[in-house]
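Under this note's numbering, the letters of the sequence shown match residues 148 to 945, in that order. For glycine and all other residues, C-beta sits at the position ideal for the given N, C-alpha and C.
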Amino acid sequence: MDELKRNGTFKKSLSKQTYYKSALVVMALCLTSCVPSQSGGSKKSSGASGVTNTSSTVGVGYGRVLHDNPIILSGNANLSQDTNLNTLLKQGQDYVTSNQYLQESCGSLPFCFEVKKDKFTALHQASDGKWGFHTSTNEFNQVQMFTHMNWIIDKYNSDLFNVHDQYYGLSPSGLQTSLPSTLYLNNAFWDSTRPLRGYAVCDDLPNNAFFSPSDYSICLGFDSIYTNVKFVQDPTTLYHEIGHAFVANALNFRNNAAGTVSIDSSLGYFSYDEGKAINEGIADYFSYYMTGRTHMGEWAQGRFLNLSRPMSESDALHAPGLSETVTGRLSYPTYLGYDPNEPTLVQEEIHYAGQIMSHFLVAFTKDLEVACSFSNSAARSYTFKLLMESLAYLGDFTSTGIEGFAAGSVNHSFENGREWLQKNKPITFRRFSQAFARFTKSSLATDPALCNFNVYNIQRLEQLLDNYGLLLFKNYDMNGSRSIVETIQKVQDLNRQKTVLIKKNQLFTDIRPSTSSAFVFDSYTDMNEAAKALTGGFIDGTLSSTIFENGNLKYNNGNGQISPGELVGVLINLYNNSNSVMSGVRILANDWDHMDSGQACNNLSDNFPSSSQGGISTASCSTEALENGAGTDPESVDPVCFFQDSSSGSAIWVSQETFMASKAIEESECLGGIGNKKDCLVRSPKGADVGWYSKIDPKKTWAETFQDADGNNQFKASNIFFLEISPSIPPGTTINCRLRATFTNCEDCHNITSTATGNTYTPNVHTPFEQNGDEYKDYKYSGADPYQIINYQFTVID
């Protein structure tokens, strides 16, 4: 639950009457919250004295903690906020630590984690070596957090070591794995550069809790009304937050082991994207991983805030119609945005969307109990194994993916890995489900010994995925992006009954009468706050000093249109023309291979611009960029926006560099300064060059899908991409931005087929290894084949 307040970047109610001119309220751009709203409640105090928990009642190294949250321990769903929690302690003592401070090692890593009251407070020192405190004290809160962190980290380390030993121990299985052989030799199982820091009571965090990957810390808050209700009193909330740390660890197993990767991979990059939703679902699962209970947050989030979350359709909190049956599952994309506490309210929110993944993982775990005669505990540990394998593979910036494979197997390449994981080929519900299925197939379905010598039929997984609408892939992608001859291992099409796939040509800009192609955000106040947030580490580099200087924008006028010198946010008004929900929609404004020698290629599916308009169809236009324009790649990638120029008498489309020469614009006037002529006049800041829409209902736009009863919309930073507009552009100039769009449940965005794409590319070195039905190789995501091209035109208005 990365802190929602700081991640819901731009929010504003927008009346449907103000359809084109749009406004934003700007907040910080970094994290997401646990608890989006709150409600009250009042109960009577128990008044009992409970177990005496003091230094005199425990031995050296020992104390007492709440073994679960107060609602579960008491059996009272309406437990009072004034309950003396000492009444819920056990008489038996709990081992805490023999250390002087609340610090602990992890195997060969001497300094693994620590707990303090908050980031401003010194570590608590046990002068007598004992850890017994009354439950109302901050000392108890720190011991409570530390002990539960110790328990779950110990389980994580034990299960992870067993998985690693399966591949590299005395009797290795010989199966493929994404876990690096040097996982422990290099302490790659953890962030060895710093300890995980737990802050038990953050006084500035009402109604919330979060994990911060930037400083590797967990901060637990409190109830804003009943301030003696601390989130640390609910271990399931802590398990969720530390689940985010485990996800971050696993994504970077291979990066850490290599020792050559300077940036961490992340499961999600924006306030809403599917990676972050999956991250939340997996984090919920870690509560189940520890407790075996299919509900989390009953005390911290549920009792007074009505925000606890179930992980099974049989939970009484769910709306009628949900059940643990083929037709009753919490399926994708139907239940994206579903809040079991308010089932009629649909929101674009990662915690609610993530419930689909948590429910699937719990259902899979239960199915393993049946298929492999596992205990529930063993099934949870095996699901943990598959999660670690899937994440280590998907997050690998070395691009090898599987131990022993060559580079270029996943995430394109070392040079382009982050661009792929963040934008071109991010972790979606499709990509994660496919990876999870791949590792299930290559382990349980391959070696009966792993399933207690039972035969695990992979069709049962395909059917379960389909029950959740997650059978979004057509093959297991066993060869990744490698150019090798390998038989495609396909999904059984008959197992796809509930999962709906849609052709990409059903997504286009809204062309209905009285509609606009985009929402434009250019208010000075809102965009100035956005600029400060963007330059605070959200984007790569900084904004141009030609439009943003000394912490302030220079030219934004708030007229709802695009003017010279502005920073603008753009939300393309995409329309779903199909009869099914379209989900995981994203639109890209990053550089791609669509021009040649300063002219726009017209051999692509949009057939634009025509030859008379300046378009070309040369041999180079038919040659794909294999390395995304990096290194020795003879092809280049170019900015999405090019210009209409009439200086020769007829209007033709030209590159920015050609246009600046035509208008005698000096190179020193470019947004990036001298040496940056390709995106001299319009550019999308790197990291703010993609927009996400969780879903679009049939025959609607995203805005219509999420309108409330009053016709208002909630916009977030994740819905828009940004453009920097040079002050040197003459008013009246027309610009075309050639964007690319795709979506998760797309029928023809991911696989090679014999059906013409409309993009005419010549065969290349990879072609002999590419078969119909196989996944597109990663290099294809530099071009047009996996996408629907969206041309967005606007005229710069002074």
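Between the segment 734–754 and the segment 834–847 there are three or more C-beta pairs closer than 8 Å, enough to call the two in contact.
When DSSP states are grouped into helix, strand and coil, Y499 belongs to the helix group. About 19 Å separates the beta carbon of L641 from that of R577, a gap too long to meet the 8 Å contact definition. When the alpha-carbon of G210 is set against those of L236, N223, L256 and W278, the nearest one is in W278. Annotated three-state conformation of L714 is strand, per DSSP.
Close CB contacts of G564 within its chain, under the 7 Å cut and outside five residues either way in sequence, are with F544, S546 and N558 (chain order). H741 has its alpha-carbon roughly 7 Å from the corresponding atom of G930.
Your pair D895 and K651 checks out as a contact, with CB atoms roughly 6 Å apart and the cut at 8 Å.
A straight line joining the alpha-carbon of Q250 with that of L270 spans about 9 Å. Within the segment 790–823, the beta strand (DSSP E) runs of at least 3 residues that lie entirely inside it are, in chain order, 799–801. For S730, no alpha helix (DSSP H) segment is defined; the enclosing uninterrupted segment is the beta strand (DSSP E) at M729 to L735. In the DSSP annotation of this structure, the continuous segment of the alpha helix (DSSP H) that includes N614 starts and ends at I605 to N614.
Approximately 6 Å separates the beta-carbon atoms of I649 and C893; this is inside 8 Å, confirming the contact.
Annotation for N883: the continuous beta strand (DSSP E) segment containing it runs T881 to T889. In the displayed model, G564 falls within a helix according to three-state DSSP.
The secondary-structure analysis by DSSP pairs G210 across a beta bridge with D241 and W278. Minimum Cα-Cα distance from Q606 among the listed residues A584, V376 and T329 corresponds to A584. Classified as exposed, Y242 has fewer than 16 neighbouring CB atoms from the shown chains inside 10 Å of its CB. Look at H387 here: in three-state DSSP terms it is helix. In the structure shown, the three-state DSSP call for H442 is strand. No residue range can be given for Y482, since it is assigned to no alpha helix (DSSP H) and is classified by DSSP as neither H nor E. Closest in C-alpha terms to V408, from the list A808, S560, I429 and D381, comes S560.
Distance from the Cα of S505 is smallest, within the candidate group T530, A518 and Q494, for T530. Taking a 10 Å sphere around the C-beta of F890, we find 16 or more other C-beta atoms and assign the residue as buried.
Sixteen is the threshold: when 16 or more other Cβ atoms of the shown chains lie within 10 Å of the Cβ of S873, as they do, the residue is buried. Here V262 is near F293, since their CB atoms are less than 8 Å apart.
Exposure of K237 is indicated by the presence of fewer than 16 other C-beta atoms within 10 angstroms of its C-beta.
In summary, F357 is buried, with 16 or more beta-carbon neighbours lying within 10 Å of its beta-carbon over all protein chains present. The closest CA to that of I719, considering only S710, D743, G778 and L654, is found on L654. Counting only the Cα atoms, K264 lies some 15 Å from H281.
Here R643 is buried, its C-beta having at least 16 other C-beta atoms within 10 Å. In this structure, S522 keeps its C-beta atom at 8 Å or more from the C-beta atom of N614. The beta carbon of K810 sits closer than 6 Å to no other beta carbon from its chain once the five residues preceding and following it are set aside.
Annotated three-state conformation of Q494 is coil, per DSSP. Pairing F451 with Y373, the inter-Cα distance amounts to about 9 Å.
Counting along the chain, the unbroken alpha helix (DSSP H) around A526 starts and ends at N523 to L541.
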